[in-house]
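Asks: Have a look at this one before I ask anything.
4 protein chains.
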Amino acid sequence: MHIYERPVKFEDVDAANIVFFARFFNYGHEAMESLLGELEGGYVKLVLVRKIGMPAVHCEADFVAPLRFGDVARIEVTVPRIGHRSCTYKYDMFRQKDGTRVATLLHVCAVSDLEKLKAIPIPDDVRALLERHKR
Amino acid sequence: MHIYERPVKFEDVDAANIVFFARFFNYGHEAMESLLGELEGGYVKLVLVRKIGMPAVHCEADFVAPLRFGDVARIEVTVPRIGHRSCTYKYDMFRQKDGTRVATLLHVCAVSDLEKLKAIPIPDDVRALLERHKR
Amino acid sequence: MHIYERPVKFEDVDAANIVFFARFFNYGHEAMESLLGELEGGYVKLVLVRKIGMPAVHCEADFVAPLRFGDVARIEVTVPRIGHRSCTYKYDMFRQKDGTRVATLLHVCAVSDLEKLKAIPIPDDVRALLERHKR
Amino acid sequence: MHIYERPVKFEDVDAANIVFFARFFNYGHEAMESLLGELEGGYVKLVLVRKIGMPAVHCEADFVAPLRFGDVARIEVTVPRIGHRSCTYKYDMFRQKDGTRVATLLHVCAVSDLEKLKAIPIPDDVRALLERHKR
Chain U
-19 MHIYERPVKF EDVDAANIVF FARFFNYGHE AMESLLGELE GGYVKLVLVR KIGMPAVHCE
41 ADFVAPLRFG DVARIEVTVP RIGHRSCTYK YDMFRQKDGT RVATLLHVCA VSDLEKLKAI
101 PIPDDVRALL ERHKR
Chain L
-19 MHIYERPVKF EDVDAANIVF FARFFNYGHE AMESLLGELE GGYVKLVLVR KIGMPAVHCE
41 ADFVAPLRFG DVARIEVTVP RIGHRSCTYK YDMFRQKDGT RVATLLHVCA VSDLEKLKAI
101 PIPDDVRALL ERHKR
Chain E
-19 MHIYERPVKF EDVDAANIVF FARFFNYGHE AMESLLGELE GGYVKLVLVR KIGMPAVHCE
41 ADFVAPLRFG DVARIEVTVP RIGHRSCTYK YDMFRQKDGT RVATLLHVCA VSDLEKLKAI
101 PIPDDVRALL ERHKR
Chain H
-19 MHIYERPVKF EDVDAANIVF FARFFNYGHE AMESLLGELE GGYVKLVLVR KIGMPAVHCE
41 ADFVAPLRFG DVARIEVTVP RIGHRSCTYK YDMFRQKDGT RVATLLHVCA VSDLEKLKAI
101 PIPDDVRALL ERHKR
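If you read the protein sequences in the order shown, they are chains U, L, E and H. If you count by my numbering, then the first sequence holds residues -19 to 115, one letter each, in order. If you count by my numbering, then the second sequence holds residues -19 to 115, one letter each, in order. If you count by my numbering, then the third sequence holds residues -19 to 115, one letter each, in order. If you count by my numbering, then the fourth sequence holds residues -19 to 115, one letter each, in order.
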């Protein structure tokens, strides 16, 4: 499990004064980038040097409670599934101050050659990282 | 079925040069606002005057093909399910120029009193609108 | 003068419930894209086919009154200055319903070869368009 | 001087593959929030408990060099002017890895009662903080 903590920014809320639902996926992607920071060079090197990315093929979210400006999202990232060319990240999101669950997200990515936008087998070092967070 | 056409903006893409996956939900929400524009006063009046909103309780997306700057997303909005206090929007998204399906989204909303953030029965005029787009 | 009307979206506001100041520049850029829509193929063709873009070298804004969800921004685009390799757009922004001025923006762009990110002389057709909106 | 370091996120770039110009103001606002983190309770407490905010009345930016995914922006925040009811933040932004200046921003805020959206005298503790970063 990898932990990523993300304060809600002033501009993250909508006209109902809660974090806009689509932004939870931005938070999730940030948490994934944070997890991949455990690789040497992180997601940046994976993308820019090795030209490997993780475009989403499916994602979903259950929203349980709202987040507001002033809250910090505590995001627990795990990897429930590791396939040959794809993997699934899970983001369990909590309001940091009281531990309330706010949302649960799944994010299925195709590990891809970014130049051809074509799925490729997961490289060994990435697979090893994902295995460490498998649940 | 309600149609909403949305050009990809210069800033909508990511470092892989395709529309960032989270933004498809922004597009979906815009399409929902466009559908609700069929109500007198639209979503604006619903939210600001009647204090009724539609926070998401669940959403999901399947991504089939990328969208890029220069593309126009053609979004077909339908309403597959209308419950007592909630409804589900479906967004079938296509690349306008060649009709390729790019994504399919589901968006489950709790019709809510925005001041209490509590689900309420769907008002009659909103229900009638949703029924017209039921599939 | 080119007119662009832009409804404030549900997610455009911040925790003070007004449009976040940075977003006025997004609105301005949209208005510029709308103006360039008067070119054959619009900004899309300029960028994707001719590989010419307009990165900002300077911008500034005076904020006079807030915009809120439910407002429509009426944006009047003019071109106060046309240089050899750069031009300045001006965005006079008003609240549509009552004509209140909300902001005035200047946006200085270097007309650029996007592959080299290097300024180039303004092409004739672009210059002719800009001249039509000079004030 | 207050230092704020901000990695460019995957979704921060535009179709020219550089950070979209409007987003520099988002970065600036984050840097301001980081500076105000030196107050007890930070910007969050200022806004939510004391109902005091800092809406922009003017801002401007000079863009010198592009930022790309993979870069980290090093932002130096100073306060060149402290008035009775307003202040000016300056953000000197550099590419962290090589020290290249990428942009210089000014951000003039009216210290305001957020409920009335009306400027108020700068509170003593906020003034003391700003004085510490005056240049």
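We put the CB at the ideal spot given by N, CA and C, even for glycine. As the structure is a computational prediction, the values presented were derived from the model and not from experiment.
Is U/Phe(-10) close to chain E? Criterion is C-beta to C-beta, closer than 8 Å.
Replies: Closer than 8 Å to some Cβ of chain E, the Cβ of U/Phe(-10) qualifies, so yes.
Asks: How about L/Val106 and L/His38: do their beta carbons lie closer than 8 Å?
Replies: In this structure, L/His38 does not lie closer than 8 Å to L/Val106 by Cβ.
Asks: Kindly indicate if chain E contains any beta-carbon less than 8 Å away from that of U/Phe49.
Replies: Chain E contact via Cβ: present.
Asks: For H/Phe0 versus H/Ala83, is the C-beta distance shorter than 8 Å?
Replies: Going by C-beta atoms, H/Phe0 is not nearer than 8 Å to H/Ala83.
Asks: Can you tell me where the beta strand (DSSP E) with E/Ala90 in it begins and where it stops?
Replies: Element bounds for E/Ala90: Arg81 to Ala90.
Asks: For the beta strand (DSSP E) that E/Val27 lies in, which residues bound it at each end?
Replies: Unbroken run through E/Val27 is the alpha helix (DSSP H), Gly22 to Leu28; no beta strand (DSSP E).
Asks: Starting from E/Met(-19), follow the beta strand (DSSP E) in both directions and report where the run begins and ends.
Replies: E/Met(-19) -> no beta strand (DSSP E), and no H or E assigned at all.
Asks: Considering only the alpha carbon of each residue, which of U/Ile62, U/Leu47 and U/Glu40 lies closest to U/Ala109?
Replies: Note on identity: in this sequence residue 109 of chain U is Leu, with Ala being the wrong assignment. U/Leu109 has its Cα closest to that of U/Ile62, out of U/Ile62, U/Leu47 and U/Glu40.
Asks: If you drop the 5 nearest sequence neighbours on each side, which residues of the same chain put their C-beta closer than 8 Å to that of H/Gln76?
Replies: Cβ neighbours of H/Gln76 beyond the five flanking positions: Glu(-15), Asp51, Val52, Ala53 and Arg54.
Asks: In whole angstroms, what separates the C-alpha of H/Pro46 from that of H/Lys70?
Replies: When rounded, the distance between both Cα atoms is 19 Å.
Asks: Look up H/Met73 in the DSSP assignment and give the residues it is bridged to.
Replies: Partner(s): H/Ile55 and H/Ala83.
Asks: Pull up the CB-CB distance for H/Met(-19) and H/Val44, whole angstroms please, since I reckon it's below 8 Å.
Replies: H/Met(-19) to H/Val44, Cβ: 19 Å. No contact.
Asks: Applying the criterion that 16 or more other CB atoms from any shown protein chain within 10 Å of the CB defines a buried residue, is H/Gly79 buried or exposed?
Replies: H/Gly79 should be labelled exposed.
Asks: Look up E/Ile32 in the DSSP assignment and give the residues it is bridged to.
Replies: Paired residue(s): E/Asp93.
Asks: Against chain U, does E/Ala(-5) count as a neighbour if the rule is that its beta carbon must be under 8 Å from one of theirs?
Replies: So yes, E/Ala(-5) belongs to the interface.
Asks: So which residues of chain H does U/Glu10 contact, with C-beta pairs closer than 8 Å?
Replies: Under the 8 Å cutoff, chain H gives Lys(-11).
Asks: In this structure, does DSSP put U/Ala41 in helix, strand or coil?
Replies: Reduced to three states, the DSSP call for U/Ala41 is strand.
Asks: For E/Phe0, would you say it is in contact with chain U, using Cβ-to-Cβ distances shorter than 8 Å as the test?
Replies: At least one chain U Cβ lies under 8 Å of E/Phe0.
Asks: Name, please, each residue of chain L whose Cβ falls closer than 7 Å to the Cβ of U/Leu97.
Replies: The answer, in chain order, is Pro46.
Asks: Output yes if chain U places a C-beta closer than 8 Å to the C-beta of H/Val27; else output no.
Replies: Judged by the 8 Å Cβ criterion, H/Val27 is in contact with chain U.
Asks: When you compare each of E/Arg112, E/Cys67 and E/Phe49 to E/Ile100 by their alpha carbons, which one comes out closest?
Replies: Here the closest residue by C-alpha is E/Cys67.
Asks: Quick check on U/Glu13 - is its C-beta less than 8 Å from some C-beta in chain H?
Replies: At least one chain H Cβ lies under 8 Å of U/Glu13.
Asks: Could you compute how far the alpha carbon of U/Lys96 sits from the alpha carbon of L/Phe49?
Replies: U/Lys96 and L/Phe49: Cα-Cα distance of roughly 17 Å.
Asks: Span of the alpha helix (DSSP H) holding E/Gly160?
Replies: Shown here, chain E extends from -19 to 115; a query on residue 160 of chain E therefore has no answer.
Asks: Contact defined as beta carbons within less than 8 Å: I believe U/Glu(-9) pairs with E/Asp(-6). What is the distance between those atoms, to the nearest angstrom?
Replies: With a Cβ gap of about 5 Å, U/Glu(-9) and E/Asp(-6) count as contacting.
Asks: Using C-beta distances below 8 Å, list every residue in its chain close to U/Lys(-11), excluding the 5 sequence neighbours before and after it, in chain order.
Replies: Excluding positions up to five away in sequence, the list reads Phe49.
Asks: Go to U/Glu111, then tell me how far its alpha helix (DSSP H) extends in each direction, as first and last residue.
Replies: Segment Asp104 to Arg112, the alpha helix (DSSP H) holding U/Glu111.
Asks: Determine the burial state of H/Glu13: buried for a count of at least 16 other Cβ atoms within 10 Å of its Cβ, exposed for fewer.
Replies: The residue is buried, with at least 16 neighbouring Cβ atoms inside 10 Å.
Asks: Inspect the beta-carbon positions of U/Leu85 and U/Ala41 and report whether they are closer than 8 Å.
Replies: Their beta carbons are under 8 Å apart, which means U/Leu85 touches U/Ala41 by this criterion.
Asks: Does L/Gly33 get closer than 8 Å to chain U when you measure Cβ to Cβ?
Replies: Yes, L/Gly33 lies at the interface with chain U (some Cβ there is under 8 Å from its Cβ).
Asks: Does chain H have any CB closer than 8 Å to the CB of E/Ala108?
Replies: It does not: the Cβ of E/Ala108 has no partner Cβ on chain H nearer than 8 Å.
Asks: Which residues of chain L have a Cβ atom closer than 7 Å to the Cβ of U/Phe5, listed in chain order?
Replies: Going along chain L in sequence order, the residues near U/Phe5 (Cβ under 7 Å) are Phe1, Ala2 and Phe5.
Asks: Using beta-carbon positions only, say whether H/Ala(-4) and E/Leu94 come within less than 8 Å of one another.
Replies: Yes, these two residues count as a Cβ contact at 8 Å.
Asks: Please determine, among H/Ile(-2), H/Pro(-13), H/Arg81 and H/Ala90, the residue with the shortest C-alpha to C-alpha distance to E/Gly33.
Replies: If we check each option's Cα against that of E/Gly33, H/Ile(-2) comes out closest.
Asks: With a 10 Å radius around its C-beta and 16 neighbouring C-beta atoms as the bar for buried, classify L/His113 as buried or exposed.
Replies: Buried, by the Cβ-count rule.
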